[in-house]
Amino acid sequence: MAKTLVIVGAGPGLGMGVARAFGRHGFQVGLIARSKDALDALVGDLAGLGVTAAAFPADIRDRNALADALTRAGEALGPVDVLEYSPSPTGPITRAAQTTVTSAAAQFELHVLGAVTAVGQVLPQMLARGEGTLLLTTGVSSTIAAPFLANVGLAMAGLRNWAHALHAELRPQGIHAATVTIASGVIPGDEVADPDAIGARYYSLYQQRDRAEEVIGNLEAFRALVAERADGHG
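Numbering (this note's numbering), first residue to last: -7 to 226.
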């Protein structure tokens, strides 16, 4: 029976790069995001590559809707073998001193509570089977504090921390949990940051199952950018 990958926060860049990488290796792919029309277009693109895929529209911030979408994905495609969580940050993105309870909560709702919901939905079956993979994606602000991405970094640092904790706790039970930190952006045609190059790194992490974190891109380059913008008050 084919294995199943479900991508929460699927889009035409990173999500499709991951979908194509796993699809080439025989995975069925479930796609979850808000827009049904956008998802249907992605499903069509994957079908053109010979990849079995299906769309399960849901607002990721609506925890009941997200849980329902994951249930429907499991019913349609079979048990989820790999969960990949990578919603794109949505505004407002605030600087450190301008971060409010509202702006912080919006990012926490998307990146942390959405991930907790998704993992909570698929993990019991993974534990029952004694196998499964959880890949939780963050941006570089999860690792390097950036004043201009303060509320996003606040949430992503929490998600990264939780992914490391899951890795330590679940590894003895056959579950591989890891975080992928994208320091490069997603840039078509770039040697490192092209969606297909990034997707290949996700598949390699899935295969190797030996680490809690994969960093894509150059952390030091971003650190230098943060310092430069601080000096210039950018």
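By construction, the Cβ of each residue, glycine as well, lies at the ideal position given by its N, Cα and C atoms.
For the pair T129 and R152, the CB atoms are not nearer than the 7 Å cut-off.
Taking the CA atoms as reference points, A11 sits about 30 Å from R215. Per DSSP, reduced to three states, the secondary structure at L41 is coil, with no helix or strand assignment.
The residues V178, P187, in chain order, have a CB closer than 7 Å to that of G5 in the same chain once the five nearest residues on each side in sequence are set aside. Straight-line measurement puts the Cα of P81 at about 19 Å from the Cα of G209. The beta carbon of I85 sits closer than 7 Å to the beta carbons of L141, N143, V144 from its chain, once the five residues preceding and following it are set aside; these are given in chain order. For V172, the enclosing beta strand (DSSP E) starts and ends at 167 to 174.
Straight through space, the alpha carbons of V(-2) and V108 are spaced by roughly 15 Å. Remark: three or more beta-carbon pairs, one from each stretch, lie closer than 8 Å, so the region 161 to 171 and the region 111 to 128 are flagged as touching.
The C-alpha of A96 lies about 10 Å from the C-alpha of L102.
Leaving aside the five residues that flank G191 on each side, the residues in its chain whose CB is nearer than 7 Å to its CB run, in chain order, G9, V10, R12, A13. Contact between V132 and L211 holds, with the beta-carbon distance rounding to 7 Å and staying under 8 Å. Here the alpha carbon of H156 sits roughly 11 Å from the alpha carbon of A149. Here V93 is exposed: its Cβ has fewer than 16 other Cβ atoms, across all protein chains shown, within 10 Å. By the 16-neighbour rule on beta-carbons within 10 angstroms, S196 is exposed. Annotation for G112: the continuous alpha helix (DSSP H) segment containing it runs 106 to 121. When beta bridges are read from the DSSP output, Y77 appears opposite V0, L128.
Listed in chain order, the alpha helix (DSSP H) elements of length 4 or more contained wholly in the region 9 to 42 are 28 to 40.
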